[in-house]
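Be aware that the sequence shown starts at 0, since it is given in numbering that gives the first Met the number 0, and climbs by one per residue. Note that CB positions come from ideal geometry on N, CA and C, so glycine has one too. Being a predicted model, the structure only gives us computed values, none of them experimental.
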Amino acid sequence: MVQPLALVSALRFVAAEDLLYAGASAQDIDQAVADGLMFRFKLQRRLTSETPTDVLAMTRKGAVSLSQAFSADPDSVPSDTRSSCHRSAMFLDHSLARSRFAVLLVRALEQGVPASVLSWEQDPERLADTVHITTGSEGLGRLPLVADGLAVAAGPRGPEGLLVEIDRGTERPSYLGRKYRGYLEWWKNDGPKRRFDLPALRILTVAPDAKRVARLVEACQKATEGRANGLYWFADENDLSAHGILAPVWRTMNAEHLQLWS
Numbered sequence: 000m001v002q003p004l005a006l007v008s009a010l011r012f013v014a015a016e017d018l019l020y021a022g023a024s025a026q027d028i029d030q031a032v033a034d035g036l037m038f039r040f041k042l043q044r045r046l047t048s049e050t051p052t053d054v055l056a057m058t059r060k061g062a063v064s065l066s067q068a069f070s071a072d073p074d075s076v077p078s079d080t081r082s083s084c085h086r087s088a089m090f091l092d093h094s095l096a097r098s099r100f101a102v103l104l105v106r107a108l109e110q111g112v113p114a115s116v117l118s119w120e121q122d123p124e125r126l127a128d129t130v131h132i133t134t135g136s137e138g139l140g141r142l143p144l145v146a147d148g149l150a151v152a153a154g155p156r157g158p159e160g161l162l163v164e165i166d167r168g169t170e171r172p173s174y175l176g177r178k179y180r181g182y183l184e185w186w187k188n189d190g191p192k193r194r195f196d197l198p199a200l201r202i203l204t205v206a207p208d209a210k211r212v213a214r215l216v217e218a219c220q221k222a223t224e225g226r227a228n229g230l231y232w233f234a235d236e237n238d239l240s241a242h243g244i245l246a247p248v249w250r251t252m253n254a255e256h257l258q259l260w261s
């Protein structure tokens with residue numbers, strides 16, 4: 000019972016199908032809900048979906064139970080109530096997409112080949128940084144940078160950060176283009192080492208479909224003038240779900256059908 004509780008606690012909101020994919024049993028999930036450790040609710044993620052998504056979140060009782068298993072302070076374990084889950088469908092859809100990526104990554108690398116996941120962070124305060132960029136008539140401006148997640152992996156070339164941007168097609172590509180420009184300046188000024196003590200880092204963008212990926216790649220090329228091509232990696236969520244994170248489903252600004260590690 001501890002494993003599914005720990006996963007829900009770390010990710011906050013998880014689709015039941017992703018929790019099952021992560022290795023939890025339907026029986027354990029049902030028992031946790033019956034015992035009041037987790038609760039489930041329905042979310043209509045997209046108008047085109049035939050059925051709503053079954054979503055799971057952890058209760059305060061579940062947080063206390065998990066803290067006891069790890070001899071931790073209950074206040075340090077995130078939990079939710081039904082009232083706190085009255086978020087916008089857009090917010091929850093984004094959260095579930097982030098959770099799916101984390102589950103796919105951990106499952107793909109659970110054997111430690113060709114890399115292993117050392118940590119996952121999605122707390123905005125722990126990911127936030129700022130950079131100053133010059134943009135045309137606006138001059139020098141301060142740009143906040145907050146990614147959706149940071150996975151630290153031990154790969155063939157040593158520790159590496161995967162800074163994750165989950166795009167749901169709700170922002171103009173030019174908005175993310177400006178953010179990509181900010182990441183370039185941040186990277187040039189040793190941001191990964193200074194902020195996260197990481198010697199190497201890539202920025203992964205997961206978009207909802209191939210058309211959106213193409214638009215974001217174009218925005219990135221325009222904003223960065225094609226510099227630091229290997230810094231930015233893009234993938235379609237559908238390809239990741241169908242083929243896996245380790246498959247050749249990634250692209251950069253000038254190459255396609257790439258693997259994260261080869």
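Query	Result
Distance CB(V116)-CB(L103) smaller than 8 Å	no
Boundaries of the alpha helix (DSSP H) in which I28 is found, first to last residue	A25 to A33
Given 8 Å, three or more beta-carbon pairs between the stretch 201-219 and the stretch 230-242	yes
Coil, strand or helix - R125 by DSSP	helix
Range covered by the alpha helix (DSSP H) that runs through P158	First-last for P158: G157 to I165, but that is the beta strand (DSSP E), not the alpha helix (DSSP H).
The stretch 23-36 contacting the stretch 60-67, beta-carbon criterion three pairs below 8 Å	yes
V284 and R250 closer than 8 Å at C-beta	As shown, the chain starts at 0 and ends at 261. That puts residue 284 outside it, with no answer to give.
Validate contact between the stretch 18-26 and the stretch 38-47 using beta carbons, cut 8 Å, 3 pairs	no
Cβ pair L95, L162 closer than 8 Å	no
Three-state secondary structure assigned by DSSP to E331	The question about residue 331 has no answer here: the residues shown for the chain are numbered 0 through 261.
Buried versus exposed call for P198 [16 or more other C-beta atoms within 10 Å across all chains shown]	exposed
Meets three-Cβ-pair contact criterion under 8 Å: the stretch 185-198 and the stretch 126-135	yes
Where T223 falls, given that 16 or more other Cβ within 10 Å makes a residue buried	buried
Beta-bridge pairing of P120 - partner residues as DSSP gives them	The sequence shown places Glu at residue 120, not Pro. E120 is bridged to L149.
Neighbourhood of A227 by C-beta, 7 Å cutoff - its chain only, sequence neighbours within 5 removed	L183 and W186
For R81, the three-state DSSP class (helix, strand or coil)	coil
D166 versus L144: straight-line alpha-carbon distance, rounded	15 Å
F12 and V54 closer than 8 Å at C-beta	yes
M252 - containing beta strand (DSSP E), residue span	Careful: M252 lies outside any beta strand (DSSP E) and carries neither H nor E.
Rounded separation between L65 and M252 - CA only	43 Å
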